[in-house]
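Take any residue in the sequence shown, note its place counting from 1, add 182, and you have its number in the numbering used here.
Virtual Cβ for every residue (Gly too), placed ideally from N, Cα, C.
Predicted model only: the values in this text are computed from it and were never measured.
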Amino acid sequence: MENLTGYREHHQQLLRDLRDRANQLVPAIKHPVSDEEQTLLQDLKALADAGELDEHGIALGQRTLCKIVSLYSNLAPHIHPDLFWYFGGDCMHFIPDEDIARYQALDEARYEAESSGETFHYQDARAKIFGLH
Numbered sequence: 183m184e185n186l187t188g189y190r191e192h193h194q195q196l197l198r199d200l201r202d203r204a205n206q207l208v209p210a211i212k213h214p215v216s217d218e219e220q221t222l223l224q225d226l227k228a229l230a231d232a233g234e235l236d237e238h239g240i241a242l243g244q245r246t247l248c249k250i251v252s253l254y255s256n257l258a259p260h261i262h263p264d265l266f267w268y269f270g271g272d273c274m275h276f277i278p279d280e281d282i283a284r285y286q287a288l289d290e291a292r293y294e295a296e297s298s299g300e301t302f303h304y305q306d307a308r309a310k311i312f313g314l315h
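Below is the structure:
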């Protein structure tokens, strides 16, 4: 995996950004923060601070993002679409079909580079596939 540059870092940064935004917005909704809201904030912190996510971490990410979409309408727009793809599962319902095709192409390019031992720069490939430069 050393030839894959930026993949995990990209998603960790998105999780840190979401955690930071949640820490600003959730307490602003009401004081004191409920147990459920405190759990949400703790789950986002755990995801943002985690290294490589195992099955438990992926499941936690799916539950957390779906909870945000269904219960925290002020926070949901701050979820980067890349996180929905990254966690998959029920999160896939929140990705437009045309973006799913782009994410599939990005994953295929990443797997192809990995299998051939080539260096894969995630940010560059993502920008190219999504037409960002």
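Pairwise C-alpha distance: residue j and residue i
i	j	result
LEU223	HIS275	23 Å
CYS248	SER297	33 Å
MET183	HIS260	Low per-residue confidence applies at MET183: pLDDT is 43, beneath 50, and the placement is therefore not dependable enough to give any value.
ARG203	LYS227	11 Å
PHE266	ALA232	17 Å
PRO209	LEU200	14 Å
GLU218	LEU196	22 Å
ASP236	HIS213	34 Å
GLY188	VAL215	35 Å
GLU290	ILE277	18 Å
THR301	ALA295	6 Å
GLN238	GLN220	The residue asked about is misnamed: residue 238 is His in this sequence, not Gln. Answer to the nearest angstrom: the Cα atoms are 19 Å apart.
TYR268	ILE282	11 Å
Residue environment, residue i, which counts as buried when at least 16 other CB atoms sit within 10 Å
i	result
HIS193	buried
LEU314	exposed
TYR304	buried
ASP306	exposed
TYR293	exposed
GLY299	exposed
Whole-number beta carbon distance between residue j and residue i, since they are thought to touch under 8 Å
i	j	result
GLU234	ARG190	7 Å
ARG284	ILE311	5 Å
From the options, residue whose alpha carbon lies closest to that of residue i
i	options	result
VAL251	GLU294, GLN286, LYS310, ASP272	ASP272
PRO263	SER216, ASP279, GLU300	ASP279
LEU257	GLY188, ASN205, SER216, GLY313	ASN205
LEU207	ALA230, ILE282, TYR254	TYR254
ALA287	HIS303, GLY270, ARG308, GLY299	ARG308
GLY270	ARG245, ASP306, GLU290	ARG245
ALA230	THR221, PHE302, GLY243, HIS238	GLY243
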